[in-house]
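>
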Amino acid sequence: MLTLIAAIDEQNTLGADNDLIWNLPDDMKHFVRSTKGHAVIMGRKTFDSINAKPLPKRHNVVITRKEGYSAEGISVVHSMEEAIELVKEDDQPFIVGGAQIYKLAMPYASRLEITHIHHTFGGGDAYFPEIDRNEWEVVNEEYHAKDERHAQDFTITRYERKK
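If you read the sequence shown in the UniProt record's numbering, its first letter stands for residue 1, the second for the next number, and so on.
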């Protein structure tokens, strides 16, 4: 079951300048808890944005067009199909970004784990694809109010592809 996991604002913004534009510790905990022990598939720019170091306790798969690209602790592939084939033994691999990779993976996904941040940040340059409500149904929602550690309200929403 391929899952896309992302945090987006009200304009589907993922980030700017190859970085997140918010700090939500509980969302980050959700990301770690969800992905730990599973394969995570990402684009090279996303891998670079995490200081070109693999996420611990996960099989890190990086998709790149660069021939000969390598880095310690990761598997390198050159297509979404190759990435999916590589992680087929994992019962729940995750797509973790960026924008191009989410777009490529959307047709293969059966689940979305989306943190909807109830705010518009502006200035973003990377966007999550539109979620077609005719194809996806909400199966779980968990609301988090803003507090001293979280400047914005957010809702973690699980979608499953309609049969």
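Where a beta carbon is used, it is the ideal one built from N, C-alpha and C, also for glycine. All values derive from a computational prediction rather than experimental measurement.
Between Arg-65 and the rest of its own chain, which residues show a CB-CB distance below 7 Å, the 5 nearest in sequence each way excluded?
These residues qualify, in order along the chain: His-78.
> In angstroms, rounded to a whole number, what distance separates the CA positions of Glu-72 and His-38?
Approximately 18 Å, taken between the alpha carbons.
> Under DSSP, the alpha helix (DSSP H) around Thr-35 begins and ends at which residues?
That run of the alpha helix (DSSP H) goes 25 to 35.
> Would you say the region 42 to 54 touches the region 138 to 158, given that touching needs at least three Cβ pairs under 8 Å?
At 8 Å Cβ cutoff, the stretches do not touch.
> I think Phe-128 touches Ala-99, with their Cβ atoms under 8 Å apart; what is that distance to the nearest whole Å?
Correct: roughly 7 Å between the Cβ atoms.
> List the endpoints of the continuous beta strand (DSSP E) containing Thr-64.
Thr-64 -> no beta strand (DSSP E), and no H or E assigned at all.
> Could you give the DSSP three-state label for Arg-149: helix, strand or coil?
Three-state DSSP puts Arg-149 in coil, outside helix and strand.
> Check whether the region 28 to 46 and the region 116 to 123 are in contact - that is, three or more C-beta pairs closer than 8 Å.
Result no; under three Cβ-Cβ pairs closer than 8 Å.
> Name the DSSP bridge partner or partners of Asp-19?
The partner list for Asp-19 (beta bridge, DSSP) reads Ala-16.
> What residues are listed by DSSP as bridge partners for Leu-112?
In DSSP, Leu-112 forms a bridge with Leu-4 and Tyr-159.
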